[in-house]
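Per my numbering: the sequence shown = residues 174 to 288. The beta carbon of each residue, even a glycine, is placed where N, CA and C say it ideally should be.
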Amino acid sequence: MFKVEADVRLHGIAGTLRNDEALMSGRVLNHVDLPKNGGSIVLYDWSDMGDSYNLVRLDLEGNILWKAAPPIKSVPDCFTEISWDGKDLIANTWSCYRIGVDLQSGATTVLEFIK
174 MFKVEADVRL HGIAGTLRND EALMSGRVLN HVDLPKNGGS IVLYDWSDMG DSYNLVRLDL
234 EGNILWKAAP PIKSVPDCFT EISWDGKDLI ANTWSCYRIG VDLQSGATTV LEFIK
């Protein structure tokens, strides 16, 4: 179980993730506060995270509900940008894919190759 030490809903700049064994900290590149107490979607700087799972959904208490996986597993990849139109969450990856992200599960679907 991961916890966020900083309140990203207030600060929106930096957060610290804690698991049972160690602290991980990272710079927040972007975040979206979801309506109806839905928590937040947070895009962390991939270089601070140590893996490609830098797009997470947090509940109001800072618990990680899911970490989205980049769509192509055979190459190193990460998320670089997110956008929210009030209905759909869209993310871009380093390997030039635009993907849809399911808000409930974090599952990703490739929408298009954008290079």
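Counting only the Cα atoms, residue 264 lies some 11 Å from residue 279.
Nearest to residue 233 by alpha-carbon distance, out of 288, 206 and 261, is 206. Distance check between residue 266 and each of 241, 275 and 260 places 241 closest, using alpha-carbon atoms only. Around the Cβ of residue 220, a 10 Å sphere holds fewer than 16 other Cβ atoms; the residue is exposed. Of 250, 287 and 281, the smallest CA-CA separation from residue 218 is found for 250.
For residue 202, the closest of 272, 276, 269 and 255 by C-alpha to C-alpha distance is 255. The beta carbon of residue 229 is closer than 6 Å to those of 215, 237 and 240 in its chain, skipping five residues each way along the sequence. Rounded to whole angstroms, residue 270 and residue 262 show a C-alpha spacing of 14 Å. Under DSSP, the beta-bridge partners assigned to residue 214 are 205 and 230.
For the options 288, 257 and 245, the alpha carbon positioned closest to that of residue 281 is the one of 245. An exposed status is given to residue 223, since fewer than 16 other beta-carbon atoms sit within 10 Å of its beta-carbon.
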